[in-house]
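Protein chains in written order, with this note's numbering: chain A, 10 to 376; chain B, 47 to 129.
The beta carbon of each residue, even a glycine, is placed where N, CA and C say it ideally should be.
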C-alpha cells in the first residue's frame with residue numbers, strides 16, 4: 010500500500026458524505042446502496058464513521074461528472090479513466106467524481122459502482138495506489154461480486170496505518186494475494202486446461218502455460234465473472250474439451266474457455282448421494298475414461314462414457330492411492346497423477362500404484 | 047522490410063497511447079519539442095520503466111505487448127506516482 014504524498018488524513022473520525030447527483034443508468038436506491046456499502050468497507054476496519062447529509066457541504070461530496078467538469082482533470086468518455094477522488098482536506102478535498110459516460114451497474118456488467126467507489130474512497134481517506142494486484146487500491150479495474158467482496162489485507166494494513174484499528178473486539182482480516190513462490194502457498198483446486206495448468210486459490214487463479222517460465226496471476230472473475238471464488242475441485246475431460254469446476258454442492262462446466270449455459274447444477278446429477286456436501290479434489294484419467302472424486306478420506310469413481318458413478322464406491326483413498334490420505338487438489342499429466350496436500354505434492358504412478366516422488370506444491374512455478 | 051502502412055499507423059497509435067498514459071499517470075511532462083531534447087536523456091523511456099516496475103512487468107523501457115495491454119485496461123484516473 011502507499012500513502013498519498015504528504016500523508017494527508019482527516020483530523021477527526023466522524024466524517025460526513027453527500028450524494029450530489031445520480032446516474033440515469035442505475036436505480037437511485039441501488040446507487041445509495043452501492044455508496045453505503047463502499048463506505049462500510051472502510052468504516053468496518055477503522056474507527057471512521059460516515060454520516061449522510063442532504064443539503065449542506067459534506068467532507069466527501071460524491072457526484073457523476075462529464076468530460077471537463079472544472080477541476081482541471083477532465084474525464085475521457087467511455088472506458089479508460091473511470092473516476093477520480095481528492096485527498097483529505099477542505100473544499101474539494103475528499104470529493105469523489107465518477108465519469109458519467111461509463112456503464113455503471115450493480116453487477117458484473119460494465120463497471121460495478123460499488124467496487125469503483127470503494128477504491129476512490131481509499132483516495133478520499135489518504136491512500137494512493139498499491140502495486141499489489143489483489144489490492145482494492147490497485148489502479149486497474151477488476152470485478153468482484155459485491156456479495157463476496159472482502160477488503161484485502163494490503164488495504165486494511167494501509168488504512169489502519171493512517172487511522173488505527175477498528176473498535177471491534179476481533180480485528181477483521183482480509184485475503185492476501187498469493188505469491189507463486191511463497192513456500193507456504195497451498196491450493197484449493199488444480200486442473201489442466203488445453204495444455205495449461207490452472208491453480209485455484211481464493212478469488213485468484215495462477216495460470217501456468219508450458220511455454221512460459223512465469224505463472225500468470227489473475228482474478229477468476231477476469232475470465233469467468235459468473236464463477237464464484239473459492240473453487241474447491243476441478244478436472245479436465247480432454248476428449249470433450251470440458252473442465253468441470255466444483256464448489257460446495259454445485260458444479261459448473263467450461264466448454265473451451267466459456268462457462269456452458271444452464272450451470273451451476275447440483276453435484277447429485279453426477280450420481281453422488283445426498284450425504285456428500287462437497288468435493289475436495291478430482292482428476293480424470295484420459296486413457297480409461299474414469300474420473301476420480303476425492304471427498305474426505307474416500308474416493309468415488311465416475312465413468313465418463315456411461316456418465317454414471319461406478320458401483321462399489323466410495324472406497325478408502327489409502328486402498329488405491331497409498332498414504333496420500335486427504336487430498337486438497339489433483340491433476341493428471343503425462344500418465345502420472347499429482348496429489349496436493351497443503352504445501353506438499355505427491356507424484357503417483359497409477360500403473361505401479363506407488364508414489365514415485367514428493368515435492369513442494371509450488372514446484373511447477375520455476376521458483 | 048518496409049513497414050506496412052497499417053503497421054506504421056498502429057505504431058503511431060501505440061506511441062500516442064503510451065505518451066498520454068505516462069502523462070496522465072506518471073507525470074511525464076508534455077514536452078512538445080521532442081527534437082530539441084538533449085541527447086542521451088529519454089524521459090519517456092525512464093517513465094515507462096517506472097510504470098513497468100510499478101506493475102511488476104519486465105522493465106525494458108520499451109512499449110512491449112504486456113505493457114500496452116495494461117495501458118489499455120480501464121482504471122482509476124489518479125496518478126500512480128505522486129498526486
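Simplified DSSP assignment, three categories, for residue i
i	result
residue 67 of chain A	coil
residue 79 of chain A	coil
residue 114 of chain A	strand
residue 403 of chain A	Given that chain A is displayed from residue 10 to residue 376, the structure contains no residue 403 of chain A and the question cannot be resolved.
residue 147 of chain A	coil
residue 374 of chain A	helix
residue 14 of chain A	coil
residue 55 of chain A	coil
residue 37 of chain A	helix
residue 338 of chain A	strand
Residue i to residue j span [Cα, whole Å]
i	j	result
residue 265 of chain A	residue 68 of chain B	37 Å
residue 84 of chain A	residue 66 of chain B	13 Å
residue 234 of chain A	residue 213 of chain A	12 Å
residue 401 of chain A	residue 74 of chain A	Examination of residue 401 of chain A is not possible in this model, given that chain A is present from 10 through 376 alone.
residue 123 of chain A	residue 346 of chain A	42 Å
residue 92 of chain B	residue 107 of chain B	7 Å
residue 79 of chain B	residue 87 of chain B	Reliability of the predicted coordinates at residue 79 of chain B is poor, the pLDDT of 49 falling under 50, and no value is obtained from them.
residue 357 of chain A	residue 349 of chain A	11 Å
residue 129 of chain A	residue 316 of chain A	50 Å
residue 340 of chain A	residue 141 of chain A	29 Å
residue 15 of chain A	residue 135 of chain A	9 Å
residue 175 of chain A	residue 139 of chain A	21 Å
residue 208 of chain A	residue 55 of chain A	33 Å
Burial state of residue i (16 or more Cβ within 10 Å)
i	result
residue 83 of chain B	With a pLDDT of 49 at residue 83 of chain B, under the threshold of 50, the modelled position of this residue cannot be trusted; read the value that follows with caution. Label assigned to residue 83 of chain B: exposed.
residue 123 of chain B	buried
residue 231 of chain A	exposed
residue 121 of chain B	buried
residue 81 of chain B	Caution applies to residue 81 of chain B, whose pLDDT of 43 falls short of 50 and renders its modelled position unreliable; the model cannot decide the point.
residue 148 of chain A	buried
residue 37 of chain A	exposed
residue 49 of chain A	exposed
residue 368 of chain A	exposed
residue 291 of chain A	buried
Any chain D beta carbon closer than 9 Å to residue i
i	result
residue 10 of chain A	Any reference to chain D falls outside this structure, whose protein chains are A and B.
Closest by C-alpha distance to residue i, when choosing among the options
i	options	result
residue 107 of chain A	A/311, A/120 and A/348	A/120
residue 245 of chain A	A/200, A/225, A/309 and A/176	A/200
residue 158 of chain A	A/22, A/144 and A/179	A/144
residue 62 of chain B	B/127, B/109 and B/105	B/109
residue 303 of chain A	A/146, A/109, A/255 and A/183	A/255
residue 131 of chain A	A/114, A/95 and A/141	A/95
residue 373 of chain A	A/268, A/228, A/306 and A/196	A/196
residue 28 of chain A	A/291, A/19 and A/42	A/42
residue 177 of chain A	A/156, A/222, A/352 and A/53	A/53
Using a Cβ-Cβ cut-off of less than 8 Å, give me the residues of the stretch 132-153 of chain A that come near chain B, in sequence order. 132, 137, 138, 140, 142, 148, 149 and 150
Check distances from the C-beta atoms of the stretch 86-111 of chain B to those of chain A and list, in chain order, the residues that come in under 8 Å. 100, 101 and 102
Check distances from the C-beta atoms of the stretch 244-261 of chain A to those of chain B and list, in chain order, the residues that come in under 9 Å. none
Short of 9 Å Cβ to Cβ, which residues in the stretch 345-376 of chain A face chain B? none
Would you list, in chain order, the members of the stretch 72-84 of chain A that have their beta-carbon closer than 9 Å to a beta-carbon of chain B? 82 and 84
Please name the residues in the stretch 195-227 of chain A whose beta-carbon is closer than 8 Å to at least one beta-carbon of chain B, in chain order. none
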